[in-house]
Amino acid sequence: QREIFELNKEQDIPVADIATRLSINEQVVRNQLSAALKTIRTELQNHAFLLSIFLLNL
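Following my numbering, the numbering of the sequence shown begins with 46 at its first residue and continues without gaps.
Written out as structure tokens, the structure is:
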């Protein structure tokens, strides 16, 4: 997931090129990008919750 995410979002490589480079199906690339974004969203939500608790206790 991380490699696919970095190739697509940080290096701006299209899904088709990533699929070719990694010898995998384009749909697998799309699925992995979706899963990576879901993980990032979840982690951000978890950290936002902890940060708000910390700030409320100041």
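Ideal placement from N, C-alpha and C gives every residue a C-beta, glycine not left out.
Query raised in the report: Since residue 49 and residue 78 are thought to touch, with beta carbons under 8 Å apart, how far apart are those beta carbons, to the nearest angstrom?
Result: The residue you call residue 49 lines up with position 4 of the sequence shown. The residue you call residue 78 lines up with position 33 of the sequence shown. Indeed they touch by this definition, with Cβ atoms about 6 Å apart.
Report task. Please confirm whether residue 61 and residue 71 have their CB atoms less than 8 Å apart. Result -> In the sequence shown, residue 61 corresponds to position 16, counting from 1. In the sequence shown, residue 71 corresponds to position 26, counting from 1. Yes, the Cβ-Cβ distance between residue 61 and residue 71 is below 8 Å.
Query raised in the report: Where does residue 72 fall in DSSP's three states?
Result: For the purposes of this step, residue 72 is taken as residue 27 along the sequence shown, with counting starting at 1. Reduced to three states, the DSSP call for residue 72 is helix.
Query raised in the report: So what does DSSP say about residue 62, is it helix, strand or coil?
Result: Numbered from its first residue, the sequence shown carries residue 62 at position 17. Here residue 62 sits in helix by DSSP.
Report task. Give a yes or no on whether the C-beta atoms belonging to residue 53 and residue 63 are separated by under 8 Å. Result -> Indexing the sequence shown from 1 puts residue 53 at position 8. Indexing the sequence shown from 1 puts residue 63 at position 18. Yes, the pair counts as a contact, with Cβ atoms nearer than the cut-off.
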